[in-house]
Structures are given as C-alpha cells and as structure tokens.
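Below is one structure, written out as structure tokens; comments come after it.
Number of protein chains: 2
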Amino acid sequence: MERRVNARSRLIVIGGDAAGMSAASQARRLRGSADLQILALERGHHTSYSACGIPYLVGRTVSSHDELISRDPETFRRDFDIDVRTGTEAEGIDLDRRTVTVRTAGEGAVEEPFDELMIANGAVPVRPDLPGMDAPGVFGVQTLTDGIAVREFVDTERPRSAVVVGGGYIGLEMAEAFVQRGMEVHLVEAAAEPMSTFDPDMGRLVHDALVKMAVQAHMSEPVTGIETGPGGAVRAVVTDQATYPADIVVLGLGVRPDSGMARAAGIEVGPTGGIAVDPRMRTSAEGVWAAGDCVQSLHRVSQAPVAIALGTHANKQGRVAGTNIGGGYARFGGVLGTAISKVCGLEVARTGLNEAEAESAGFEFETATLESTTRAGYYPGAALMTVKMLAERRSRRLLGAQIVGWENAGKRVDVLATALWNSMSVEDVAAMDLGYAPPFSPVWDPVQIAARKLAEAM
Amino acid sequence: MERRVNARSRLIVIGGDAAGMSAASQARRLRGSADLQILALERGHHTSYSACGIPYLVGRTVSSHDELISRDPETFRRDFDIDVRTGTEAEGIDLDRRTVTVRTAGEGAVEEPFDELMIANGAVPVRPDLPGMDAPGVFGVQTLTDGIAVREFVDTERPRSAVVVGGGYIGLEMAEAFVQRGMEVHLVEAAAEPMSTFDPDMGRLVHDALVKMAVQAHMSEPVTGIETGPGGAVRAVVTDQATYPADIVVLGLGVRPDSGMARAAGIEVGPTGGIAVDPRMRTSAEGVWAAGDCVQSLHRVSQAPVAIALGTHANKQGRVAGTNIGGGYARFGGVLGTAISKVCGLEVARTGLNEAEAESAGFEFETATLESTTRAGYYPGAALMTVKMLAERRSRRLLGAQIVGWENAGKRVDVLATALWNSMSVEDVAAMDLGYAPPFSPVWDPVQIAARKLAEAM
Numbered sequence: 001m002e003r004r005v006n007a008r009s010r011l012i013v014i015g016g017d018a019a020g021m022s023a024a025s026q027a028r029r030l031r032g033s034a035d036l037q038i039l040a041l042e043r044g045h046h047t048s049y050s051a052c053g054i055p056y057l058v059g060r061t062v063s064s065h066d067e068l069i070s071r072d073p074e075t076f077r078r079d080f081d082i083d084v085r086t087g088t089e090a091e092g093i094d095l096d097r098r099t100v101t102v103r104t105a106g107e108g109a110v111e112e113p114f115d116e117l118m119i120a121n122g123a124v125p126v127r128p129d130l131p132g133m134d135a136p137g138v139f140g141v142q143t144l145t146d147g148i149a150v151r152e153f154v155d156t157e158r159p160r161s162a163v164v165v166g167g168g169y170i171g172l173e174m175a176e177a178f179v180q181r182g183m184e185v186h187l188v189e190a191a192a193e194p195m196s197t198f199d200p201d202m203g204r205l206v207h208d209a210l211v212k213m214a215v216q217a218h219m220s221e222p223v224t225g226i227e228t229g230p231g232g233a234v235r236a237v238v239t240d241q242a243t244y245p246a247d248i249v250v251l252g253l254g255v256r257p258d259s260g261m262a263r264a265a266g267i268e269v270g271p272t273g274g275i276a277v278d279p280r281m282r283t284s285a286e287g288v289w290a291a292g293d294c295v296q297s298l299h300r301v302s303q304a305p306v307a308i309a310l311g312t313h314a315n316k317q318g319r320v321a322g323t324n325i326g327g328g329y330a331r332f333g334g335v336l337g338t339a340i341s342k343v344c345g346l347e348v349a350r351t352g353l354n355e356a357e358a359e360s361a362g363f364e365f366e367t368a369t370l371e372s373t374t375r376a377g378y379y380p381g382a383a384l385m386t387v388k389m390l391a392e393r394r395s396r397r398l399l400g401a402q403i404v405g406w407e408n409a410g411k412r413v414d415v416l417a418t419a420l421w422n423s424m425s426v427e428d429v430a431a432m433d434l435g436y437a438p439p440f441s442p443v444w445d446p447v448q449i450a451a452r453k454l455a456e457a458m
Numbered sequence: 001m002e003r004r005v006n007a008r009s010r011l012i013v014i015g016g017d018a019a020g021m022s023a024a025s026q027a028r029r030l031r032g033s034a035d036l037q038i039l040a041l042e043r044g045h046h047t048s049y050s051a052c053g054i055p056y057l058v059g060r061t062v063s064s065h066d067e068l069i070s071r072d073p074e075t076f077r078r079d080f081d082i083d084v085r086t087g088t089e090a091e092g093i094d095l096d097r098r099t100v101t102v103r104t105a106g107e108g109a110v111e112e113p114f115d116e117l118m119i120a121n122g123a124v125p126v127r128p129d130l131p132g133m134d135a136p137g138v139f140g141v142q143t144l145t146d147g148i149a150v151r152e153f154v155d156t157e158r159p160r161s162a163v164v165v166g167g168g169y170i171g172l173e174m175a176e177a178f179v180q181r182g183m184e185v186h187l188v189e190a191a192a193e194p195m196s197t198f199d200p201d202m203g204r205l206v207h208d209a210l211v212k213m214a215v216q217a218h219m220s221e222p223v224t225g226i227e228t229g230p231g232g233a234v235r236a237v238v239t240d241q242a243t244y245p246a247d248i249v250v251l252g253l254g255v256r257p258d259s260g261m262a263r264a265a266g267i268e269v270g271p272t273g274g275i276a277v278d279p280r281m282r283t284s285a286e287g288v289w290a291a292g293d294c295v296q297s298l299h300r301v302s303q304a305p306v307a308i309a310l311g312t313h314a315n316k317q318g319r320v321a322g323t324n325i326g327g328g329y330a331r332f333g334g335v336l337g338t339a340i341s342k343v344c345g346l347e348v349a350r351t352g353l354n355e356a357e358a359e360s361a362g363f364e365f366e367t368a369t370l371e372s373t374t375r376a377g378y379y380p381g382a383a384l385m386t387v388k389m390l391a392e393r394r395s396r397r398l399l400g401a402q403i404v405g406w407e408n409a410g411k412r413v414d415v416l417a418t419a420l421w422n423s424m425s426v427e428d429v430a431a432m433d434l435g436y437a438p439p440f441s442p443v444w445d446p447v448q449i450a451a452r453k454l455a456e457a458m
C-alpha cells in the first residue's frame, strides 16, 4: 500500500542531533520545499555533532569542538531549507490537536502545528541523588555543551586530580582524556569489574590493564557523596570505602531514553523505557515517528527490545524514518549490541549477548575464551588479544562475543557482528575465508581460532 | 555411513608444509600411533613454515628464518610420532599397488606402501622461458629455502639495485622489502596496472601510491630477457621498452598447482590445473586425499572451481582432510578469493569477484566506489581508504569488494568476506550493527557507506 503524501505538509522534528537531523535531511532529499515544510527544534546550541567525540575534545586529541560538528544549523537552513531553531525546547505534544508546545529561551510558549512529527530528543544521563552532585566541578558529558564545559574547565582551572564515576565506555574514555591532560585519575565503579556490558572475566582483563596505566581503578565501591570545599566547589568523591580528592568529577553512569514527553502524550513506551517503534520507526501514534536514543530497538539475538544509546543506531534509524517520511520505504533491521572503545591503547569491543544476557534470554550456551595475537607472531607489533565467544547448544549458533586486546584487536568485532547478523554457527565462523597476511593476522584469525575452540567444546 | 578405520593403517603425506602437516597432525590427534602410522615426505629442508613471511625475512622485519617455522621436523617426530623425512621427494604414485616411489637425496628410490595417501605438494612458480632466467642473482621466492637464499644474497652481496618482476601480492611485498634494505627498486609488470586480481581502476590507486614511494613502477612492460655480466651473474632486466639495472632480480609471477604427479597417477585434475577434490578433500581415487596449493577449490560466489595458493586455505583444507582421515567428519566450505597485503603502508585487500570475474561468471552487476576515512574525520590518524563494491542486479546480492587505503583500511575486507559468505544484499550490509567509536571508524563505517551508495545506484 502506498503512503499518501499530503500537498505541502509540515514535519516537526524534536531534537537536532544525529537521529533528528538524519531524518530531516533524508526527508528533504525525497520531498522538496514545495511539498514538505520542516521545522527542527533543538534545546541546545548545536546540531548534528559527534557526542562520541567529547572525550577526545577534553583530552585535546581534537583541538576544537567545531571539528565534532558535522553540520551546523546554518548549513541545514541554507542547504536543506530546514527551519532549525536552537535554544528551543518542545514542552509537550498534543496528538488530538496535532501541535507541539514550543518554548524558545526568553520567550513565551507557542503552539506549532504538525502533520508529521519526528521525536528524537535523545537520552537523559543517570544522575544519582546524592549530596553534592550539583556542585561546581561536577560534570555530565552527554551533550556537546557538556563537553565544551569540561574542556573549558580543564583548560582554565587546571585541575590536578579527577574522579570518573562509572567504569563503562564513557568512563574509560574520560579517564584516558584526563590521563592525557596530565591529571591524577581515579575511576570509581560500583560493580566488581569495569565494563559491565562485558562478562566479569573479560572486565577483569580491562581492570588489570587499567592498573598498569596511570588510572587508579576502584571497583566495588559505590559512590556515597561528593565533598565540597569552602567555595562550594567539588573537593572529593566519597565512596563506601574511601575518599578520593577531586578537582573535577565526571559522571559516566549511563543514560536512559528521554521518553517522558512522548509517554505524557499517550505514545506507547516499551518495557525498556524507550519509545516503542516498528521497523519503519513508526510510534503507536499515526504520523508520529521516533528514532535514536529515545527509542527501543529489537535485539536480533535475544529478540527482545533493548534501549541502546549509540550514534550509529541514531543515524541509521533517523535515515530510515526520513526515508519513510519522505514517501520512500525503509526498515531498521535491529541491533546486536555491538560496541567498541579504547582506553590508553587497550581496545575493548563486544557484540551480541554476554553470559548474563544470554541466560536472561533463556539460551543454553557454551563459552570459549582464547588468547592470540593481532598479527603473525613473528611480525613486529603483534599484540595480545583475548576473544570470548558464546554459542547456543544444539544449534551451535554464535550468540555473542567480547574482545579485549591491544592495537588492531577491537575492530575484529565487526566480523562477529556480521556473523551474528546472519545467525552463523561457530563452525561456519571458523571456516570462513578471511584476509590473511602476516602484518594483519595469524594464519588463522583469532576470531576463527576462538570459534574453532568453541565448536570443539560443544 | 561410518568410515571403516583399519587396524594400524599407514598414511603417507606428500609435502611437509601447511596443508600436509595440518592434515598429518590432525589425523594424529584423532588416531594414535597404534592405529595409524604416518610418513611425511618433504623435498625441502623445512616443515610447516610461513611462506607469506618470506618478504619480511628479506626486509629484515623478521630477523631469522627460524621465526617463520611453526613446527620443525623434530617436533613432529617427537610430539606427533610422525616420521618426517626432509630432502625426500615423492617421484610417483602407483594407485594399483598403493605405493609411492620415494627418493631421498643421495640415495636410491624405494617404494613406500600406503593405505591412505595425502597429496600436499603445493605449487610451482611460473618462470617464463626467457634468456638469462637461470643466471645467479635471479630468484624465486616460493619456498623458505628460496627466501633464505635471497636474504643471504642481500646480506652478503649488498646489491644496490633490485628489479621485481610481477606486480601482484608477492611482487609488492618484495618491493617493500628491498626498499627497506635501502636498494633502488624497479617493479616491472606486463599489465597496465599492478594487482591484476583488482579492477584496473583500483590497481591504478596502487600504482599512484607506488609512484610516491621509493618504488619505480613500470607498467605495461613485459620482460623480454635478463642481461648478465662478465661473470654470468645478472646485470639488468630487459623489457620491451627499457633496460633496468639489477644486482638482484626476484620473480613474482604467481604459481600454478603442482598436480603433475597426481595426474600421471590417474587422479582427476580439474580445469584450473588443480587436483579435483570434494568438500571432504577426497580426490577421485579411493583413499587418496589432497589439500593446499595443489588442489582446486569451489568459489562460493561464482560456484566455479578456482586454484588459489594461500596458506590460510592450505591450513584449513589440511585440517579438514586430517579430520576425515582420522575418522571424523569435516567439510571445506569453499573460498571467496579473499586476500590482503601491504606495501610501504598502503593496504590492499579484496574478496569475492572483481569485474572481469563477475562478467566471466555471467553476472549482471552494478558497481560503486567510495572514498572515506579509517577513523572519524576529526580523530588523529584518520586515513583515506577507497572501497569498491560489486552487486548483482535484481538480487542486489554483494558479489565482491576491493579496498585500497592506508593504516587500518585493509582488514575491513573481513566484514565483506563474511557478508559474501552469507550471500548478503548490499542493503543488509549497510544496515548492520558494526562497531563505532571515533578512533575506529566514522559513524557509518566506510564499507557501509559504500554498500549504501551501491544500493542507491541499483
């Protein structure tokens, strides 16, 4: 059935980052200005930026925040005829009247009518309700504005000691950034090992590596509060076991989908807290779409909904929504939970399900862990890497994989993500024809030796 | 149907490198010495070595040839109870009497009986029949003995100019090695561009890069002869257009399967010149197996037999044969023509079919070529890479891919090899959940942008 395209309809996009602006620009590519008017609302000051680049901005790996911006509001206005309004927040959605209540900083609220609505307002950072959390010197690092503030603080205040709260991706990346800025760095994590999306035995490898770096890692230590100094600024982070001096504190405790406004409007929100969407990125409300960190996605392995805040999904989902809004046809294929990061040269990557997730999804499975090298053992730069894999009993199907290793280890996760996407058995993974030459791999790629080992264990 | 396993049968393995010794050791793992006697014949001096490592031995990236040897004959004798005889050549196979005629250097020929026979005698290098080809200073680089000879020659004779004949993988790698040894290097190739397994437009990129390196590349210049000096040693390489001074010449013109003895014995040889085998690595003769460079393999995309000499196939096929000889069950899944190499920092990789191969296989297809970067554009070390992809019309199935780029470009071919293994469409390749973080990739991995571009072109 073909979608009816109104003559000159109006699209409102809530959120001007990856998902929202991908959708808006893709819709524009398919429908010209005479056919579709597009209004994009962004509460912050920036559009289409790489939030993943924030740690590198802080660490001075990237010199200016301009480099993180893929397209600024003026570019969208000029090249895409999209009416981008920054400093402008959507406060509510009225599905009956088909309007959004919009407030621009310093002005009154107005009602903006829409024919199509794209919700892409992202995620909100988890902030524990503890004393001192709002003290000057305590930062989140979710938006580019946050990132610029941290960079500015480090550049001007020259903090000597930093505490990073949370040992996940963003925590590790911020720890690296602060090490690069020459600070004493403490990483505080409530769980027993860093990288809680990894199995503890793989997280342990990260922990061991951190100890050898300039990062002082404190595991199994929930934060109980923030100590402030005479001027009210942060002075230390207090855990249930110790107090760590801090001229700056960064919270990397993860995010949750910002789905409150959608829920209030009567749009269905799933069990993950993310807005429920179908593969075309349609919400439960007619003509209302959603994409990015605010939605939940289907996990292709567990077949359960998950909420994963990641720019790569936001971009893909936004493009899918934009194609459909533009009258085209596209479906989002779901996620695998693939993620990759590095901290001071240590690369960590995962895809699919870890042990806890596989158990929770009801799988019976075996695991195998293998240590190999990134290049032929005799080739200079051959670095250690550990691969752990899970496969389902009987079907022998790969369920997930985790990699911890040094240079050139991490991106091998893509082979396993591709294998998962295709529901491959571990035997087939071991059998594949992957690229081999001594500077790139041992004659059997480590991911294949691991798959072989797992096949033999089943 | 279960294979009958004789009490104390005898396996003869012809060829002691990757395929032969993988088969022998795997058979031993499954059948103990009381059950299976194993005799392995190697005409050279070394077993189980990395022929792919030879350029790095010559370039002094690897200090000693010992590092290239994975297991020496003594290890096989001691740990696997395999009777390895080096300097020992199989001269003929008698299928009726079930014997191999064996000659050890300096001794007379003897007949060795077998119950099972494993043929793994590799490939023979292509050597054009031109004047001067046998002059001192002209080398092949196929066996470790060849490689040791070249290294020795360079170490002791200190040649100042080198000519590499042939612009394929081994030619490029040897050119790099000679550059590293401080020589003036000419690369001479009969075709219009280097890397004939790539499309000419991608080969052109390699050519352009070579020009900027210390390698003087001469394309479209067939070699017509070798000039020798007063003592009979090589002095120059002559093409149809010029004469290039050469203190050393290396031939990198490829290899062909060494299937003559098998053919003479009445074993079926396929149209590629490789021994015909089924997926269990059985030849047309009962109880005779073959694996490695001497066999032909099924190409999973063209569904045609191909002869590809590569250690990674030799290892896998040898293991499959050894498992089956050992009474187990294994099948070789075929090849994709995946290959990867580097020359002075430039990485080249390919998988599946190139344009000429796709045409010859009767496919109708589209292509797309895309330039992107190996990391997020703003992240230091982001390097250019070009991806070319082919997909079948109608089915939109990926048929092949080629990558030319700088650090971290090449191994991305594995994602596309995995996609090919699973007959994925280009839309699905673009949709997958691959690992993203700024040090590793742009937010859309280059292979996915290329797939998207190709999808849009179809």
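Protein chains in written order, with full-length UniProt numbering: chain A, 1 to 458; chain B, 1 to 458. Note that CB positions come from ideal geometry on N, CA and C, so glycine has one too.
Quick one: what does DSSP say residue i is sitting in, helix, strand or coil?
i, result
"R397 of chain B", "strand"
"V22 of chain A", "The question names Val, but residue 22 of chain A in the sequence shown is Ser. Here S22 of chain A sits in helix by DSSP."
"A120 of chain B", "coil"
"V138 of chain A", "strand"
"M261 of chain A", "helix"
"Q296 of chain B", "coil"
"L302 of chain A", "Sequence check: residue 302 of chain A is Ser here, not Leu. Reduced to three states, the DSSP call for S302 of chain A is coil."
Do residue j and residue i come within 8 Å of each other at the CB atom, strictly closer than that value?
i, j, result
"T283 of chain A", "I308 of chain A", "no"
"V255 of chain A", "A90 of chain A", "no"
"A102 of chain B", "A109 of chain B", "In the sequence as presented, Ala is not what sits at residue 102 of chain B; that position holds Val. Taking 8 Å as the Cβ cut-off, V102 of chain B and A109 of chain B qualify as a contacting pair."
"V404 of chain B", "L205 of chain B", "yes"
"S161 of chain A", "E176 of chain A", "no"
"M385 of chain A", "L398 of chain A", "no"
"P353 of chain A", "S302 of chain A", "Before going further, note that residue 353 of chain A is Leu rather than Pro in the sequence given. Result yes, Cβ atoms of L353 of chain A and S302 of chain A sit closer than 8 Å."
Please work out which residues of its chain come closer than 6 Å, Cβ to Cβ, to residue i, disregarding the five sequence neighbours upstream and downstream, and give them in chain order.
i, result
"residue 482 of chain B", "Any answer about residue 482 of chain B is impossible in this case: the structure gives chain B only from 1 up to 458."
"A290 of chain A", "I119, I275, V277 and T283"
"S33 of chain B", "D81"
"A181 of chain B", "For clarity, residue 181 of chain B is Arg in the given sequence; the question names Ala instead. Answer for R181 of chain B: V154, listed in chain order."
"L130 of chain B", "G225"
"M21 of chain B", "T47 and S48"
By Cβ distance, which residues of its chain are closer than 8 Å to residue i, with the 5 residues on each side in sequence left out?
i, result
"P222 of chain B", "A190, T239 and D240"
"M1 of chain B", "Unreliable placement is indicated for M1 of chain B, whose pLDDT of 43 sits below 50; no coordinate value is reported for it."
"P305 of chain B", "G270, P271, T272, G274, A276, Q296, S297, L298 and H299"
"N324 of chain B", "R3, R280, M281, R282, W289 and A330"
Can you confirm whether residue i, when its beta carbon is compared against all beta carbons of chain B, has any partner nearer than 8 Å?
i, result
"E364 of chain A", "no"
"N315 of chain A", "yes"
"A246 of chain A", "no"
"L336 of chain A", "yes"
"P439 of chain A", "yes"
What does the Cβ neighbour count give for residue i, buried or exposed, with the cut at 16 atoms within 10 Å?
i, result
"T47 of chain B", "buried"
"D293 of chain A", "buried"
"T156 of chain A", "exposed"
"T374 of chain B", "buried"
"E286 of chain B", "exposed"
Can we count residue i as close to the ligand GTP, meaning its CB is less than 7 Å from some heavy atom?
i, result
"A450 of chain B", "Absence of the ligand GTP from the depicted structure is noted, as is the absence of any ligand whatsoever, leaving it without description."
Within 8 Å of any Cβ in chain A, is that where the Cβ of residue i sits?
i, result
"F80 of chain B", "no"
"N422 of chain B", "yes"
"S50 of chain B", "yes"
Suppose the cutoff is 7 Å on Cβ atoms and the five residues either side in sequence are ignored; what does the same chain contact list for residue i look like?
i, result
"K316 of chain B", "F332"
"S341 of chain A", "Y169, L172, E173 and V348"
"T418 of chain B", "none"
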